[in-house]
Amino acid sequence: MGFTRREFIKLCMSSAVGASLISLIGPDLEEALAMAADGKPPIIWLQGASCTGCSISLLNSVDPAIEKVLLDVISLRYHPNISAGSGHLVTEIFEEFSEKHKDQFFLVVEGAIPTKEDGAYCTIGEYKGRELTMLHTLNVLGNAAKAVIAAGQCASFGGIPGAAPNPTGAVGVNKVITKKPVINISLCPMHPDHFLGTVVYVLKYGQIPELDRYGRPKMFYPNYIHESCERRTYFDSGKFARFIGDEGCLALLGCKGFVSTADCPTRLWNNKVNWCVKAGAPCLGCSEPTFPDESGPFYGWYPLNNKTGVSYGKFEPQKTEFPEPAKK
Amino acid sequence: MGQQIIVDPVTRIEGHLKIEVDVENGKVVDAKSSGTLFRGIELILRGRDPRDAPHIVQRICGVCPIAHGTASMLCLDDAFKVSPPANGRIVRNLIQGANYLQSHILHFYHLAALDYVKGPDTAPFIPRYEGDYRLPKDVNDKAVEHYIQALTIRKKAQEMLSVFGAKMPHVTVFTAGGVTETVTPEKIALFKQYLREITSFIDNVYIPDAVAVSTVYSDWFTIGAGCKNLLSYGAFKLSDDDDPDGQNRLFRRGRYAKGEFASVDYRKITEDVKHSWFADETSGKYPGEGVTEPDLNKKDAYSWLKAPRYEGEPHEVGPLARMVVNKHKDVLGLGDKAFSVLGRHYARALEASIVAHAMSEWLDQLVPGQPAFTPFDIPEEGAGVGLHEAPRGALGHWIVIKDRRIENYQAVVPTTWNGGPRDDRGKLGPIEQALVGAPVKDPNNPIELVRIVRAFDPCIACAVHILEIKGVAKEPKSFVV
Numbered sequence: 010m011g012f013t014r015r016e017f018i019k020l021c022m023s024s025a026v027g028a029s030l031i032s033l034i035g036p037d038l039e040e041a042l043a044m045a046a047d048g049k050p051p052i053i054w055l056q057g058a059s060c061t062g063c064s065i066s067l068l069n070s071v072d073p074a075i076e077k078v079l080l081d082v083i084s085l086r087y088h089p090n091i092s093a094g095s096g097h098l099v100t101e102i103f104e105e106f107s108e109k110h111k112d113q114f115f116l117v118v119e120g121a122i123p124t125k126e127d128g129a130y131c132t133i134g135e136y137k138g139r140e141l142t143m144l145h146t147l148n149v150l151g152n153a154a155k156a157v158i159a160a161g162q163c164a165s166f167g168g169i170p171g172a173a174p175n176p177t178g179a180v181g182v183n184k185v186i187t188k189k190p191v192i193n194i195s196l197c198p199m200h201p202d203h204f205l206g207t208v209v210y211v212l213k214y215g216q217i218p219e220l221d222r223y224g225r226p227k228m229f230y231p232n233y234i235h236e237s238c239e240r241r242t243y244f245d246s247g248k249f250a251r252f253i254g255d256e257g258c259l260a261l262l263g264c265k266g267f268v269s270t271a272d273c274p275t276r277l278w279n280n281k282v283n284w285c286v287k288a289g290a291p292c293l294g295c296s297e298p299t300f301p302d303e304s305g306p307f308y309g310w311y312p313l314n315n316k317t318g319v320s321y322g323k324f325e326p327q328k329t330e331f332p333e334p335a336k337k
Numbered sequence: 026m027g028q029q030i031i032v033d034p035v036t037r038i039e040g041h042l043k044i045e046v047d048v049e050n051g052k053v054v055d056a057k058s059s060g061t062l063f064r065g066i067e068l069i070l071r072g073r074d075p076r077d078a079p080h081i082v083q084r085i086c087g088v089c090p091i092a093h094g095t096a097s098m099l100c101l102d103d104a105f106k107v108s109p110p111a112n113g114r115i116v117r118n119l120i121q122g123a124n125y126l127q128s129h130i131l132h133f134y135h136l137a138a139l140d141y142v143k144g145p146d147t148a149p150f151i152p153r154y155e156g157d158y159r160l161p162k163d164v165n166d167k168a169v170e171h172y173i174q175a176l177t178i179r180k181k182a183q184e185m186l187s188v189f190g191a192k193m194p195h196v197t198v199f200t201a202g203g204v205t206e207t208v209t210p211e212k213i214a215l216f217k218q219y220l221r222e223i224t225s226f227i228d229n230v231y232i233p234d235a236v237a238v239s240t241v242y243s244d245w246f247t248i249g250a251g252c253k254n255l256l257s258y259g260a261f262k263l264s265d266d267d268d269p270d271g272q273n274r275l276f277r278r279g280r281y282a283k284g285e286f287a288s289v290d291y292r293k294i295t296e297d298v299k300h301s302w303f304a305d306e307t308s309g310k311y312p313g314e315g316v317t318e319p320d321l322n323k324k325d326a327y328s329w330l331k332a333p334r335y336e337g338e339p340h341e342v343g344p345l346a347r348m349v350v351n352k353h354k355d356v357l358g359l360g361d362k363a364f365s366v367l368g369r370h371y372a373r374a375l376e377a378s379i380v381a382h383a384m385s386e387w388l389d390q391l392v393p394g395q396p397a398f399t400p401f402d403i404p405e406e407g408a409g410v411g412l413h414e415a416p417r418g419a420l421g422h423w424i425v426i427k428d429r430r431i432e433n434y435q436a437v438v439p440t441t442w443n444g445g446p447r448d449d450r451g452k453l454g455p456i457e458q459a460l461v462g463a464p465v466k467d468p469n470n471p472i473e474l475v476r477i478v479r480a481f482d483p484c485i486a487c488a489v490h491i492l493e494i495k496g497v498a499k500e501p502k503s504f505v506v
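Protein chains in written order, with the working numbering: chain A, 10 to 337; chain B, 26 to 506.
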């Protein structure tokens with residue numbers, strides 16, 4: 010059976026109804042894969058200024074199970090944490106792909122790209138006696154790839170390494186690669202559904218999905234977290250949590266769900282076990298390019314009248330009144 | 026004349042690591058380990074709201090964000106003079122425990138196993154170093170099966186963690202004074218369900234596999250001894266009372282040095298920089314008072330990592346250190362063989378089981394409905410220390426607060442201890458020491474080297490996040506890839 014693109018996008022967004030993304034498009038997944046030349050599209054995965062969190066998040070993919078992804082869905086030709094080989098075996102792969110497989114593979118980038126000092130803050134291998142910087146390797150492989158997926162907040166927008174004062178000049182991938190399509194999968198870490206849903210879309214339709222103004226697939230970043238938040242009814246009825254662990258909307262504890270676009274409230278995390286606001290933790294706004302400088306202080310009210318210290322605005326942390334926990 | 030072998034990048038570890046060794050007559054005679062990424066997270070932390078620290082520092086490492094988050098919370102607890110209620114302490118322990126389980130399983134099966142187990146002939150299992158794979162075919166096949174099964178189990182460990190942690194990696198429930206999540210009977214039951222399955226995997230699959238590898242590769246009990254000094258800060262507080270000496274914990278604080286057990290006074294820790302890209306006059310300082318001044322023109326320097334020393338001696342940290350300091354009989358029973366590549370894997374497997382069973386007890390101590398958070402105020406000025414154990418070893422965070430903002434933040438992490446360079450007296454770091462003397466049969470397939478390095482479970486993103494540098498050596502602007 011086939012889906013129209015519209016139906017596909019609808020399915021991608023439909024995790025609200027409880028079915029997970031990829032199981033709904035199971036038959037199409039097989040079809041999409043059969044279309045790739047050897048059945049499996051080659052993927053090269055690079056890590057720049059990263060914490061490996063997005064790779065770990067990818068390993069948390071539930072449906073399709075990660076073992077299916079690795080063995081049947083994609084041909085992961087290089088991944089720093091997963092690949093069996095080390096050293097020259099790796100850098101030879103870079104050479105092979107930049108020369109022989111132009112426009113035939115996907116490049117996934119995790120982590121920001123340090124650009125100061127010609128990128129010397131991050132080297133990712135040694136080739137013929139010379140250190141390869143992340144910046145240089147991205148330039149070569151990114152321009153040789155069919156498309157580039159920026160996996161996670163740092164690769165999309167610079168993220169934590171790019172936070173003020175940005176000691177290494179870290180930027181997102183699309184500041185370096187401008188001639189090839191770059192898809193941003195934000196959130197810190199990225200959600201595995203967002204990544205795999207995008208990969209399947211690209212394979213199936215041979216083009217990139219509709220992106221929003223920050224280069225993110227619209228289907229996964231449909232509206233503000235606040236709009237579909239499970240604590241929304243508290244907000245509407247004016248009940249606000251006054252201290253950590255209290256019932257109510259988390260606005261006064263610093264929740265950034267008002268200004269953050271993502272489908273966390275309906276997709277949830279880790280096999281739908283939990284998500285930040287459900288666990289009483291204010292949204293940190295990690296889906297946005299403003300994370301973490303403008304979305305911090307994380308416990309500061311929105312609108313933020315107290316910018317982070319680094320931007321040298323007025324800084325007055327709220328002195329929260331903490332009533333005694335109710336005795337039962 | 027010896028031959029130089031460079032392995033760069035070393036894959037299947039966290040972060041960017043380069044290993045350089047000199048080989049003569051099939052044996053390593055000299056070794057250097059260098060970290061090759063710098064992000065400057067300490068600089069990024071300065072001036073921010075101290076309450077943001079546990080969230081920012083988690084991004085130091087996505088494999089063990091919990092360890093950094095916990096050390097940071099302990100720092101804040103100390104600086105804010107607040108201590109979490111019993112539920113808060115236990116939930117923190119459970120979250121940390123869940124991360125130990127996922128980290129150890131990930132390390133054994135997905136990071137280290139492919140050095141001993143031959144994967145199928147398909148990406149990502151090829152290309153690989155060829156050579157010494159000697160598991161019998163049926164055992165090897167089973168191990169590949171377990172590689173796949175372990176993917177599911179470690180994923181479930183993450184799901185278990187998020188029952189109280191909101192999401193993983195990078196939990197958002199961490200705060201000074203406890204956690205934001207509340208304790209309900211449903212959450213306890215769900216956690217328990219996950220824990221049962223994971224514990225059964227550890228006891229019935231992971232440990233037998235570790236033993237199977239040890240039996241077939243038994244010569245690796247004599248390779249990679251390292252410095253034979255061990256250090257543990259202690260982790261998993263078992264009671265709500267103050268525990269300044271770190272003794273009332275699942276893993277106690279302590280040392281094993283020069284063949285004897287000893288106590289830890291963290292003020293005796295210093296960091297040498299003669300072989301790091303920092304000015305020589307900043308060498309030998311206590312990390313809490315450390316000055317980091319880059320010097321890029323030092324000809325002896327080869328790493329971004331400093332060389333931490335306790336009373337001037339290198340110390341290995343990690344599961345082996347914790348098991349020995351806690352006098353675990355199976356590990357002590359190995360005698361000198363414990364200081365080896367397989368000794369480290371074995372200690373890690375045993376530790377996973379110990380943590381899993383302890384977690385089951387902690388779950389029963391939770392009281393639904395009681396708070397997991399103690400309110401606090403941010404002091405105008407203050408300072409705090411957070412000593413903790415990451416799955417990879419001893420982790421210390423230091424914070425200084427001024428005008429309710431972070432004035433200074435420091436971290437000394439496990440891989441700085443293990444993977445740091447030579448100290449001022451030329452004494453090699455633990456990983457370097459473990460490499461020296463190792464056999465290398467085929468310089469084009471130096472599988473022996475990566476086996477030794479991976480047994481330490483290095484995490485480079487952690488190790489090189491805190492350095493402050495203003496410039497680095499230039500390199501050729503273009504090369505052909």
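From the three backbone atoms N, C-alpha and C, an ideal C-beta is built for every residue, glycine too.
Only a predicted model underlies this, so the values are computations on that prediction, with no experimental measurement involved.
Between which two residues does the alpha helix (DSSP H) harbouring I102(A) extend?
Your numbering for residue 102(A) matches position 93 in the first sequence. From DSSP, the alpha helix (DSSP H) with I102(A) extends over 97-109.
Going straight from the alpha carbon of G215(A) to that of P201(A), what length do you get?
Within the first sequence, the letter at position 206 stands for residue 215(A). Within the first sequence, the letter at position 192 stands for residue 201(A). If you draw a straight line from the Cα of G215(A) to the Cα of P201(A), it comes to about 21 Å.
Residue nearest to S378(B) in terms of C-alpha spacing, selected from F199(B), T205(B), T224(B):
The sequence position of residue 378(B) within the second sequence is 353, counting from 1. Of the candidates F199(B), T205(B), T224(B), the one whose C-alpha sits nearest the C-alpha of S378(B) is T224(B).
Note to self: Starting from G62(A), trace the alpha helix (DSSP H) in both directions and tell me its first and last residue.
What the structure shows: The sequence position of residue 62(A) within the first sequence is 53, counting from 1. From DSSP, the alpha helix (DSSP H) with G62(A) extends over 62-68.
Check: Between the segment 84-92 of chain A and the segment 192-212 of chain A, do three or more beta carbon pairs fall short of 8 Å?
Finding: Taking one beta carbon from each stretch, the segment 84-92 of chain A and the segment 192-212 of chain A have fewer than 3 pairs nearer than 8 Å; the two do not touch.
Flag this pair as touching only if the segment 239-256 of chain B and the segment 356-376 of chain B have three or more C-beta atom pairs under 8 Å; answer yes or no. The segment 239-256 of chain B is in contact with the segment 356-376 of chain B.
Could one say the Cβ of V88(B) lies closer than 8 Å to chain A's Cβ atoms, at least one of them?
-> The residue labelled residue 88(B) in the question sits at position 63 within the second sequence. Yes, its Cβ sits closer than 8 Å to a Cβ of chain A.
Residues in its own chain within less than 6 Å of I227(B) by CB, not counting five upstream and five downstream? Numbered from 1 along the second sequence, position 202 holds the residue referred to as residue 227(B). The beta carbon of I227(B) is closer than 6 Å to those of A377, S378, A381 in its chain, skipping five residues each way along the sequence.
In angstroms with no decimal places, state the Cα-to-Cα distance between K293(B) and K331(B). In the second sequence, residue 293(B) corresponds to position 268, counting from 1. In the second sequence, residue 331(B) corresponds to position 306, counting from 1. Their backbone Cα atoms lie some 16 Å apart in a straight line.
Excluding sequence positions up to five away, which residues of its chain have a Cβ less than 7 Å from the Cβ of R14(A)? Here residue 14(A) corresponds to residue number 5 of the first sequence, with the count starting at 1. The residues are Y214.
| request: Determine the direct distance from the alpha carbon of A304(B) to that of S320(A), and round the result to whole angstroms. | output: Numbered from 1 along the first sequence, position 311 holds the residue referred to as residue 320(A). Numbered from 1 along the second sequence, position 279 holds the residue referred to as residue 304(B). In this prediction, S320(A) scores a pLDDT of 32, lower than 50, which makes its location untrustworthy; the coordinate-derived value is nonetheless stated afterwards. For the pair S320(A) and A304(B), the Cα-to-Cα distance works out to about 30 Å.
I'd like the span of the beta strand (DSSP E) that includes V425(B), first residue to last. As a working note, residue 425(B) is residue 400 in the second sequence. Where V425(B) is concerned, the enclosing beta strand (DSSP E) stretches over 418-427.
With 16 other Cβ atoms within 10 Å as the buried cut-off, status of R117(B) = Start at 1 with the first residue of the second sequence, and residue 117(B) comes out as number 92. Buried, since its Cβ has 16 or more Cβ neighbours within 10 Å.
Rounded separation between I173(B) and H135(B) - CA only = Taking the second sequence and counting its residues from 1, the one referred to as residue 173(B) is at position 148. Taking the second sequence and counting its residues from 1, the one referred to as residue 135(B) is at position 110. CA-to-CA, the gap between I173(B) and H135(B) works out to about 9 Å.
Q) Does DSSP classify W245(B) as helix, strand or coil? A) Walking along the second sequence from the start, residue 245(B) turns up at place 220. Three-state DSSP puts W245(B) in a helix.
* **For K316(A), the three-state DSSP class (helix, strand or coil)** => Position 307 of the first sequence, counted from the first residue, corresponds to residue 316(A). Any reading at K316(A) must be qualified, since the residue scores a pLDDT of 39, below 50, and its modelled position is unreliable; no value is offered.
Which same chain residues, not among the five before or five after A46(A), have their C-beta less than 6 Å away from its C-beta? Position 37 of the first sequence, counted from the first residue, corresponds to residue 46(A). Residue placement at A46(A) is poorly supported in this model, since its pLDDT is 47, which falls under 50; the coordinates still yield a value, given next. Within the same chain, A46(A) has no close Cβ partners at all.
inquiry  = Quick check on A172(A) - is its C-beta less than 8 Å from some C-beta in chain B?
reply    = In the first sequence, the residue the question calls residue 172(A) occupies position 163. It does; some Cβ of chain B falls within 8 Å.
Worksheet entry | Cβ-based neighbour list, G309(B), same chain, cut-off 8 Å, excluding 5 preceding and 5 following | By 1-based counting over the second sequence, the position of residue 309(B) is 284. Within the same chain, G309(B) has close Cβ partners T295, E296, D297, D449.
Discussion item. For the ligand HEM, is there any heavy atom lying closer than 7 Å to the beta carbon of C484(B)?
Written reply: In terms of ligand content, the structure shown is empty, and the ligand HEM therefore cannot be addressed.
#### Entry: Status (buried if at least 16 other CB within 10 Å, exposed otherwise) for V437(B)
Against the second sequence, residue 437(B) aligns to sequence position 412. By the neighbour-count criterion, in which 16 or more other beta carbons inside 10 Å mark a residue as buried, V437(B) falls on the buried side.
Terminal residues of the continuous alpha helix (DSSP H) containing Q272(B)? The sequence position of residue 272(B) within the second sequence is 247, counting from 1. No residue range can be given for Q272(B), since it is assigned to no alpha helix (DSSP H) and is classified by DSSP as neither H nor E.
Excluding the 5 residues flanking M384(B) on each side, which residues of the same chain have their C-beta closer than 7 Å to its C-beta?
Sequence index remark: in the second sequence, residue 384(B) carries index 359 (1-based). These residues qualify, in order along the chain: L119, G122, L220.
* Asked: Under the DSSP definition of a beta bridge, which residues are partnered with R334(B)?
  -> Sequence index remark: in the second sequence, residue 334(B) carries index 309 (1-based). According to DSSP, residue pairing for R334(B) in a beta bridge involves T295(B).
field: Residues of the segment 382-406 of chain B whose Cβ lies closer than 7 Å to any Cβ of chain A, in chain order
entry: Contacts with chain A (Cβ-Cβ distance below 7 Å) from the segment 382-406 of chain B involve G394, P396, A397, F398, P400, D402, I403, listed in chain order.
Neighbouring residues, chain B, relative to I75(A) (Cβ below 9 Å): Reading the first sequence from its first residue, position 66 is the one you call residue 75(A). Here the neighbours are L176, T177, K180.
- Query: What's the gap between the Cα of G278(B) and the Cα of G337(B)?
  - Reply: Start at 1 with the first residue of the second sequence, and residue 278(B) comes out as number 253. Start at 1 with the first residue of the second sequence, and residue 337(B) comes out as number 312. Inspection of the sequence shows that residue 278(B) is occupied by Arg rather than by Gly. Taking the straight line joining both Cα atoms gives about 19 Å.
Extent of the continuous alpha helix (DSSP H) run through K181(B): Position 156 of the second sequence, counted from the start, is the residue given in the question as residue 181(B). That run of the alpha helix (DSSP H) goes 162-190.
Any idea what DSSP makes of N433(B), helix, strand or coil? Here residue 433(B) refers to the residue found at position 408 of the second sequence. In this structure, N433(B) counts as strand in the three-state DSSP scheme.
Handout entry: First through last residue of the alpha helix (DSSP H) which encompasses K354(B)
Key = Position 329 of the second sequence, counted from the first residue, corresponds to residue 354(B). For K354(B), the enclosing alpha helix (DSSP H) covers residues 354-357.
Legend entry - Alpha carbon of I102(A) to alpha carbon of W423(B), nearest angstrom: Residue 102(A) sits at position 93 when you count from the first residue of the first sequence. Residue 423(B) sits at position 398 when you count from the first residue of the second sequence. C-alpha separation (whole angstroms): 42 Å.
How many angstroms separate the CA atom of N199(A) from the CA atom of K189(A)? The residue labelled residue 199(A) in the question sits at position 190 within the first sequence. The residue labelled residue 189(A) in the question sits at position 180 within the first sequence. The sequence given here has Met at residue 199(A), not Asn. Rounded to whole angstroms, M199(A) to K189(A) spans 21 Å at the Cα level.
Just tell me which of Q218(B), H300(B), R373(B), A415(B) has its CA closest to the CA of K323(B). By one-based count along the second sequence, residue 323(B) stands at place 298. It is H300(B).
*asked:* Among the candidates E297(A), V99(A), G257(A), whose CA atom is the shortest distance from the CA of K137(A)?
replied: The residue labelled residue 137(A) in the question sits at position 128 within the first sequence. Nearest C-alpha to K137(A): V99(A).
### Query
Per DSSP, what kind of secondary structure is P4(A) in: helix, strand or coil?
Examination of residue 4(A) is not possible in this model, given that chain A is present from 10 through 337 alone.
Between P2(B) and chain A, is there a C-beta pair that is closer than 8 Å?
-> Residue 2(B) is absent from the structure shown; chain B starts at 26 and stops at 506.
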